[in-house]
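Inspection log for the structure reproduced underneath, given as structure tokens.
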Amino acid sequence: QDWIGASRSNEFGEYEGIVIDFNYSANSLSEIYMDRGQWDTDQYRRFGVYIGGGQAGTNVYAGKTDRGGAGLSGNLKLQPTTTYKLLIAILPNGEFLEAIWNPSNASETLFYREKFDESWAGLTWSLWIGVNQGTIQLDNFHEISFSGAK
333 QDWIGASRSN EFGEYEGIVI DFNYSANSLS EIYMDRGQWD TDQYRRFGVY IGGGQAGTNV
393 YAGKTDRGGA GLSGNLKLQP TTTYKLLIAI LPNGEFLEAI WNPSNASETL FYREKFDESW
453 AGLTWSLWIG VNQGTIQLDN FHEISFSGAK
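Using the numbering used here, the first residue of the sequence shown is number 333, and each one after it goes up by one.
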């Protein structure tokens, strides 16, 4: 597969993350994720989301193993030409959170949260955005920091 991508050279740590507005395009496949380490090594880590086919799925790698593909929980079905918000937050002790919602209808959401083993804790992360087919329009990129998580 041919992916076209971009990265944010900034590094993110615990209690930090991003919020991005994105406009979903029909028949597109894209990914937005945080990663750490060198690709295709046992130390590689990735957490984020695949967006395509009107759905969002997890984009998780632990070492060389792709653990992606699980659906996010919630009731949101992505519609073309609609703007959504994506949150990816790095929580403490190797825990991550991602949420997608429709700002025009906050009751439409998707959500995923996972706590990984200690090899994920205390690391710094880089942001990557990739497109395999079609397009994704990104607006209002915000780096965030917060003081706690429940």
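Note that the Cβ used here is the ideal one computed from N, Cα and C, for glycine as well.
Find out if the Cβ-Cβ distance for the pair Tyr-356, Thr-390 is shorter than 8 Å.
-> no
Could you pull out every residue in the same chain whose Cβ sits closer than 6 Å to the Cβ of Glu-346, ignoring the five residues on either side in sequence?
-> Ile-422 and Pro-424
Which word fits Trp-452, buried or exposed, when buried means at least 16 other C-beta atoms lie within 10 angstroms of its C-beta?
-> buried
What are the start and end residues of each continuous beta strand (DSSP E) run of 3 or more residues lying completely inside the region 368-395, in chain order?
-> 377-384 and 387-394
Report the rounded CA-to-CA distance for Ile-336 versus Ala-431, giving the unit in angstroms.
-> 24 Å
With a threshold of 16 other CB atoms inside 10 Å of the CB of Gly-426, please say whether the residue is buried or exposed.
-> buried
Mind reading off the beta-carbon distance from Leu-442 to Leu-470? Whole number of angstroms is fine, and I expect it under 8 Å.
-> Not really, about 17 Å apart at Cβ, beyond 8 Å.
What first and last residue would you give for the beta strand (DSSP E) that runs through Ser-458?
-> 457-465
Under 8 Å between C-beta atoms of Ile-350 and Ile-476 | yes
Delimiting residues of the beta strand (DSSP E) encompassing Gln-469 | 468-477
Three-way DSSP call (helix, strand, coil) for Glu-346 in this model | coil
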